[in-house]
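Chains as they are written, first to last, in the working numbering: chain A, 221 to 633; chain B, 72 to 493.
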């Protein structure tokens, strides 16, 4: 039975090539846009190497000092992380990293521009880098202020023209570093793990950062389990409240522990004096945007299917006259729509892969590697199936209840 | 004629509703993209306020090893925010910055040097607002040195820029841009006016007094909406005032200076201040980076909507084609009664025009809510108007083109053949 349905569906698709092409184009294009958008989001937020423990990591990404009359927002300072985030029950490790800074090196009259990220040694234990060469710097290196550095593959190529790099030295920002490890490139949008050069915190030109409450640092709190998140957040909040503020015109300081997604949502959607971030608002916007975008292709598909079913009134009439039941007719249309959607889905899958590969190769976002997101592909295909069925089955069902004589006459208004 | 067409459309309302919805959605998508484009074009045409060629910005990190951009929001009572001590050790820092500027000034390529909290295309922001006569005025804030106007080529339209004359004044000298000046003092000469009100019981520092007005200063560049701007004087040699020290230096170089200037300048600065980290960039390059950031969302939206419209056009053509084949008898009858091919085509295209008009009317009603409710306050009603007009033209052209192809098909119908079914 199914075999004859499939055969029929195939024939119908080929009979009207133009309409098949329109439907396929719509399904395919919708899927490609959804996939590309979601894999860009994934690239920024989803756990991926080296941030494999992102699921149980909280970050400190923002600090806001509020006074009677003004508000100053920036990244937290080192002191805030060092003094208040360490030793919270339920936290396994605390890492601090400075926001990447652009530094210049001059090599044979050419300028090399790199992002340098200064971190403590814990950073390498919270994140899980796969080293191409050598290894990370140690607590000892950080304590001694050793001028050693981990560099990424691209920086290795720029300075040394390829491997091996460990043991060789390079100049950046007027300082000389010895390479002790090489890691793969990390997408520049990965706020936590990106960087061209990773160096110990103590190689900073001054140690003024140690006394700063605000500015330039990010913290990572690796929890033993996600169950401890609420208590960690509450503990950090009450500790930060005890921090001495720089002047009496400042009344409040907040530096919440939150996920990167919450941080961004907070940046976008929190009011000037709101302490809480609103991840649900960002979710709502993303989902609304995707739904809104899918509406037009869906209406297009429904419209087309509705009109096409009228065209086939006489075919339905004949089949009814020969005793086909409504159920048989409806299942035939379901199979037809399934076949169409699956072909469109396959084409969309291949095309998305191509677009993502082109996007990766274009270097529009340095070091970014975009991968297909199978979960979103599933949702997109589900959505296409849903609209396909809705648009195909409803008119088919109405048509299948028509009087065969009427249907044969083609009176379908 | 129109009434007749309306009736025809009404008769087939069930299938026409879907077509109308499709046209409505396409219209809204089109308005969204064109609004963004028109907004950009509109902003681009307005004066920028400063020169871009032959100017370099040099930014420096003073303490943290990390790059950090600062966003400051000040309330109305804190108009003299620049005088608030945010940090200690500012006096020392200002003296060091003055040293750096001096060493840059010695370079033969350099014409002039200035420093400011915010420079063009920078990611630092300082927003504040003032209350004058019970009305709030929001503005971007900057604190700049005496040479800033000359270095960046700001055009002073009224009064003067900061100078030595302001030393020892009993007030804080400020310079506004024309936009803010006209907003606060619509029918007064702003020069010499105080922009903050002295309230009884206020023990604030000196009041802000306007010494000059500049044409414009659009910190975020050509594509951003112009905004109000207020400058404070940033004195590097005054040990008494606790002013937020500058974050960036701007340098005007002689025409023809090459990129090699950068290495020379950076080496010199590193020598003068080994503890700080410096970055130098020509303003033309900052502009390019900023343009890319502004244009990326527009180009992504444009590509997606072009594909959406292609899809809609194909779908619409297909649907209308099917409608024509279903209406063979009706068309045959009209032909038999003497209607010409042109008449038939006119009728079919006319029906689609009626449908499009209905959809666009609904669309305009929706779009009008945006300026009425002031959803995006930076976008002026004029921008919405122009983009709606452009979208209307596009949508009518698109739907008429989609109707025209099937209507040609209809004209090929032979009356005798069509009526045979009757």
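In this text, a Cβ means the ideal position worked out from N, Cα and C, and glycines have one as well.
It should be emphasised that the depicted structure is a prediction, and the values quoted were computed from it without experimental measurement.
| Query | Result |
| --- | --- |
| CB contact check: residue 346 (chain B) to chain A, cutoff 8 angstroms | yes |
| Proximity test, Cβ basis, 8 angstroms: residue 131 (chain B) and chain A | no |
| 8 angstroms Cβ cutoff met for residue 115 (chain B) and residue 319 (chain B) | no |
| Three or more C-beta pairs below 8 angstroms linking the region 251-266 of chain B and the region 82-101 of chain B | no |
| Segments assigned alpha helix (DSSP H), at least 4 residues, entirely inside the region 347-407 of chain A | 359-364 and 373-380 |
| Backbone secondary structure at residue 235 (chain A) - three-state DSSP | helix |
| Range of the contiguous alpha helix (DSSP H) that encloses residue 253 (chain B) | 249-255 |
| Proximal residues of chain A, C-beta to C-beta of residue 397 (chain B) below 7 angstroms | 530 |
| Test: residue 393 (chain B) CB closer than 8 angstroms to a CB of chain A | yes |
| Paired residues, beta bridge with residue 200 (chain B) - DSSP | B:209 |
| CB contact check: residue 178 (chain B) to chain A, cutoff 8 angstroms | no |
| Within 8 angstroms, strictly: CB atoms of residue 188 (chain B) and residue 297 (chain B) | no |
| Distance between beta carbons of residue 213 (chain B) and residue 197 (chain B), contact taken as under 8 angstroms | 7 angstroms |
| Cβ-Cβ distance between residue 408 (chain A) and residue 586 (chain A) below 8 angstroms | yes |
| Alpha-carbon spacing of residue 234 (chain B) relative to residue 392 (chain A), whole angstroms | 39 angstroms |
| Exposure label - residue 483 (chain B); buried when at least 16 CB within 10 Å | exposed |
| Beta-carbon gap between residue 123 (chain B) and residue 358 (chain B) smaller than 8 angstroms | yes |
| Extent of the continuous alpha helix (DSSP H) to which residue 538 (chain A) belongs | 533-541 |
| Beta-bridge pairing of residue 321 (chain A) - partner residues as DSSP gives them | A:336 |
| Identity of the residue in A:516, A:465, A:531 and A:527 nearest residue 376 (chain B) by Cα | A:516 |
| Within chain A, the residues that residue 97 (chain B) reaches when beta carbons sit closer than 7 angstroms | 516 |
| Amino acids of chain A, ordered along the chain, whose beta-carbon sits closer than 7 angstroms to that of residue 375 (chain B) | 253 |
| Residue-level contact to chain B via CB, residue 524 (chain A), 8 angstroms cutoff | yes |
| Beta-carbon spacing of residue 102 (chain B), residue 454 (chain B) below 8 angstroms | no |
| In DSSP terms, what residue 323 (chain B) is bridged to | B:126 and B:183 |
| contact_flag[the region 612-626 of chain A, the region 590-601 of chain A] where n(CB pairs < 8 angstroms) is 3 or more | no |
| Simplified DSSP state of residue 282 (chain A), which is helix, strand or coil | coil |
| Cα-Cα separation, residue 266 (chain A) to residue 366 (chain B) | 26 angstroms |
| Contact list for residue 334 (chain B) against chain A, beta-carbon separation under 9 angstroms | 324, 326, 329 and 331 |
| Contact under 8 angstroms by Cβ, residue 305 (chain A) with residue 346 (chain A) | no |
| Contact belief for residue 381 (chain B) with residue 402 (chain B) at Cβ below 8 angstroms, rounded distance in angstroms | Contact doesn't hold; Cβ gap of about 28 angstroms is too wide. |
| Separation of residue 356 (chain B) from residue 178 (chain B), as counted between CA atoms | 22 angstroms |
| Extent of the continuous beta strand (DSSP E) to which residue 472 (chain A) belongs | 470-474 |
| Buried/exposed call for residue 93 (chain B), threshold 16 Cβ in 10 Å | buried |
| Run of the beta strand (DSSP E) containing residue 290 (chain A), from where it starts to where it stops | 290-294 |
| Listed by chain order, chain B residues near residue 519 (chain A) by CB distance under 8 angstroms | 89, 92, 93 and 96 |
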